[in-house]
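Numbering-wise (the working numbering), the sequence shown opens with residue 9 and increments by one. Read through the structure below, which is laid out as structure tokens, and then see the notes.
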Amino acid sequence: MSIWSWLGLERQQEPEDRGPLAEIEQALGGLEPDRAHYVACFAYILTRAARADHEVTDGEAREMERLVALRADLPIEVAGLIVQITRALATRSGGTDDFLVTREFDRIATHEQKLALIDCLFAVSSSDESILTAEDNEIRRIANELKIEHSEYIAVRTGHLKHLSVFKPREQG
């Protein structure tokens, strides 16, 4: 027995920190754990791009739900719950977990899955038919963190050029 125990001052066991994605993974309880972890990372990173301009629009949220349902083969209702949880987590953390989650996705995803994610990020950002410079820059940052070659990033981005606000004529005011 330690002196701390004898004095009644023994530290309580801290609950295990399961990381920023634990809540999402728990909601995906029906999936195999590795698959749930992948989907949690994927959904979190979608939210990262959507909130690059400090606002997640209803259109962006619907597109995230559609993509999570499609990519994870989940019912749209479950995908909606995952997107709600992810948005709340991202708001709570203020972006402090962004790099950690993206680094984890880099570790577990194939190169093709990373490129598909970049395409999905552009799809979410263009849901309102305009990809703002802040969103484009955030997607580029994510691509860098995923170690995507610049030429590959540009190839994916090219499919979304018509939505890039930098290429749209300015409205005369």
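Don't be surprised by glycine CBs; every beta carbon is placed ideally from N, CA and C. The structure displayed is predicted, hence computed values, not measured ones.
**Prompt:** How many Å lie between residue 96 and residue 60 at the Cα?
**Reply:** One C-alpha to the other measures close to 15 Å.
**Request:** Could you check what DSSP says for residue 24 in three-state terms: helix, strand or coil?
**Result:** Interpretation of residue 24 is limited by its pLDDT of 45, a score under 50 that renders its predicted location unreliable; the figure taken from the coordinates is listed afterwards. Collapsing the DSSP output to three states places residue 24 in coil.
**Beta-carbon contacts of residue 210 that lie in its chain and below 8 Å, excluding the five residues immediately before and after** = In the structure as shown, the chain begins at 9 and stops at 181. Residue 210 is therefore absent and cannot be evaluated.
**Request:** Check whether the Cβ atoms of residue 35 and residue 89 lie closer than 8 Å to each other.
**Result:** In contact: residue 35 and residue 89 (Cβ atoms closer than 8 Å).
**Message:** Please report whether the beta-carbon of residue 126 lies at a distance below 8 Å from any beta-carbon of chain C.
**Reply:** The chain labelled as chain C is not found in the depicted structure, where only one protein chain is given.
**Request:** Would you list the one or two residues that DSSP bridges to residue 4?
**Result:** Look at the range of the chain in this structure, 9 to 181, and you will see that residue 4 is not part of it.
**Prompt:** Would you call the CB atoms of residue 117 and residue 46 closer than 8 Å?
**Reply:** Yes, these two residues count as a Cβ contact at 8 Å.
**Request:** Could you round the C-beta distance between residue 98 and residue 56 to whole angstroms and report it? I think they count as a contact, below 8 Å.
**Result:** A Cβ-Cβ separation of about 7 Å places residue 98 in contact with residue 56 under the 8 Å criterion.
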